[in-house]
Amino acid sequence: MSFPERVFSGVQPTGTLTLGNYLGALSRFSDYQDKYECLYCVVDMHAITMWQDPKELHANTLGVTAAYLASGLDPAKNIIFNQSQVAAHAEMAWVFNCVTRIGWLNRMTQFKEKAGKHRENASAGLYVYPSLMAADILVYRATHVPVGDDQKQHLELARDIAQKFNHDYADTIRTQTNGEEFFPQPEPLIEGPAMRVMSLRDGTKKMSKSDPSDNSRINMDDDADTIAQKIRKAKTDPDALPSLEDGFEGRAEAENLLGIYAALAKEPKNDVVTRFAGQQFSEFKKELTELAVETLAPVSNELVRLKGDPGHLESVLKAGSERAAAIAEPIMKQTKAIVGFVGA
Ligand code: TYM
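Take our numbering: the final residue in the sequence shown is number 656, and no numbers are missing along the way.
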C-alpha cells in the first residue's frame, strides 16, 4: 500500500545544540520543505525522561524552535511545534507500549548508554523512549525521517512496531479501512558525509551535548574565536592527510574533520580528500576554521536574534501545534477504533 509522503523529525530541548545536531539533522531539514509536507517537533516529552529543570526546559524548548528557524525552516511551509501540546503523541505511545516487546527494548543501545551502571534507577520513561518516538512518527503516518546515524536503531524499532500493529490488528484494519496496512514503514533518511559527527577530543566517541568537556564539541552558538580555538585543539595524528578515502584506516579523528569539512562545504567527501591530499593538519585546520565560522556565523547570529523574541517563538509553536493536532487526531481516532475502544 502506498502512503502520501510526509516528513517527521524531532530534536530534544536539552542543553545547547552541537555541530553534530546541526550537520546530522537541522541543516538538512530545509532540504525537504519544498518537496514534502514536513513536521519538525521539539520533543519536550522525550527530554523529561532524564530530569530537567523546568525553567531550563522552557528556555531550551524556545531555543530549539529558534534553531529550527535559524537553520532555514519557514514556519509557514513546515509544521513546527512542541510534542507535549499534541496529546495524540502520548495516547499513541500508550498503544505502542502494548505492541512493543520488552525484548526489543532490551536491545536498544541508547538506553544502555544513557542508563549506564544505574539501570535500576533510570526512569521507566527512558526505557520506553523508543515507543514514544515511534508514536511521534506514526501518529502522522510519516513516511520519511531525516536523522543522524545514532537514531538508526530507534527507526528500525519504529518499523517493527508499525509492522506488528498492522499484523496484530489485520482483521479490523481490513474491515474498517479497506486497506491492508494502517501504518507505513517509515524510512530513515541518513545521507551525507556527517551523519555521525565525532568528538573533537576522541574520534571513537560521538560529539554530544552531554560530554563533560566543552572542547569535545562545537556548539551552534559558539563565537568565531571559540570555534577557532576548539578546532586548533582538536585531536589529530602526526601524518599528512591521505589521498584516498580508504587511507583513513585507524585515523578516526582525521576522518571526522574531513567529514565535517565536506558537510559544511556541501561537497562530496571524496572531492575534499582529493583537494587536501598530502597537506599537514595545521594548514587544513586553518581552512576548516574559516569555513566553519563563515557557515555557522549567520546561523548563530540569527539564533541569538530569535531567542530575543520569545513571544514570536511561542506563537510559532502554538500555530504549529494546532496544525499538527489536526493531522494527528483523526489518525488517533481511527487507531482507537481499530484497537476496539468504545466511543472512537
Ligand atoms: P537528539 O535530540 O539527540 O538529536 C537530534 C538530531 O541530531 C542528530 N545528532 C547527530 N547527528 C550526527 N552526529 C552527531 N554527533 C549527532 N548528535 C545528534 C540525531 O541523530 C538527531 O537526528 N530521539 C531523538 C529525537 C526524536 C526523534 C523523534 C527524531 C524524538 N522523536 C522522531 C526523529 C523522529 C533524539 O534524541 O535526538
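Ideal Cβ placement from N, Cα and C applies to all residues, glycine included.
All of these numbers come straight from a predicted model, not from anything done at the bench.
With a contact defined as Cβ atoms closer than 8 Å, Phe315 and Leu351 miss out at about 14 Å.
In this structure, DSSP gives Lys429 a state outside helix and strand, which the three-state scheme calls coil. Of all alpha-carbon atoms in Asn394, Ile539 and Met519, the one lying nearest the alpha-carbon of Glu626 is that of Asn394. For Lys429 and Ala540, the gap between their C-alpha atoms comes out near 36 Å. Distances taken from the Cβ of Ile572 to the heavy atoms of the ligand TYM include none shorter than 7 Å.
Remark: the shortest separation between the CB of Phe408 and any heavy atom of the ligand TYM does not fall under 7 Å. Phe495 carries a coil assignment under DSSP once its states are collapsed to helix, strand and coil.
Annotated as distal: Ser633 and Val451, with beta-carbon spacing of 8 Å or more. According to DSSP, residue pairing for Thr330 in a beta bridge involves Asn531.
Taking C-beta atoms under 8 Å as the contact rule, Ala637 and Ala400 qualify, at a distance of about 7 Å. Taken from the Cβ of Phe320, at least one heavy atom of the ligand TYM lies inside 7 Å. One alpha carbon belongs to Phe408, the other to Glu503, and they sit about 28 Å apart. Within the same chain, Met510, Gly515 and Thr516 come within 7 Å of Ala564 by CB-CB distance, once the 5 residues on both sides are set aside. In this chain, the beta strand (DSSP E) harbouring Phe320 covers Arg318 to Val323.
DSSP lists no bridge partner for Pro554. Where Ile473 is concerned, there is no enclosing beta strand (DSSP E), although the alpha helix (DSSP H) around it starts and stops at Lys464 to Asp480. Cβ-Cβ distances below 8 Å link Asp346 to Lys389 in the same chain, with the five nearest sequence neighbours on each side left out; the list follows chain order. In the structure shown, the three-state DSSP call for Phe393 is strand. Taking the Cα of Thr548 as reference, the smallest distance to any Cα among Glu349, Gly415 and Phe596 is reached at Phe596. A straight-line Cα-Cα distance of about 46 Å links Ser443 and Ser594.
Taking the Cβ of Lys517 as the reference point, every heavy atom of the ligand TYM lies at 7 Å or farther away.
Between Ile392 and Thr412, the beta carbon gap of about 28 Å keeps them out of contact (Cβ cut-off 8 Å). Residues of the same chain with a CB within less than 8 Å of the CB of Asp480, apart from the 5 flanking positions on each side, are Val411 in chain order. Between the beta-carbon of Glu403 and that of Met644 there is about 6 Å, and that keeps the pair under the 8 Å contact cut.
Inter-residue distance for Tyr334 and Val654 is about 44 Å (C-alpha atoms, whole angstroms).
The alpha carbon of Glu602 has as its nearest neighbour, out of Glu579, Arg544, Gly559 and Gln591, the alpha carbon of Arg544.
In the displayed model, Glu349 falls within a strand according to three-state DSSP. Of the other Cβ atoms in all chains shown, 16 or more fall within 10 Å of the Cβ of Gln324; this residue is therefore buried. In the DSSP assignment, Met510 is bridged to Lys518.
In terms of CA proximity to Gly322, Asp356 leads the group Asp356, Thr330 and Asp343.
Around the CB of Gln463, 16 or more other CB atoms lie within 10 Å, so the residue is classed as buried.
Straight through space, the alpha carbons of Asp583 and Pro554 are spaced by roughly 12 Å. Under a 10 Å Cβ-count criterion, Ala454 is classified as buried, with 16 or more other Cβ atoms of the shown protein chains found around its own Cβ.
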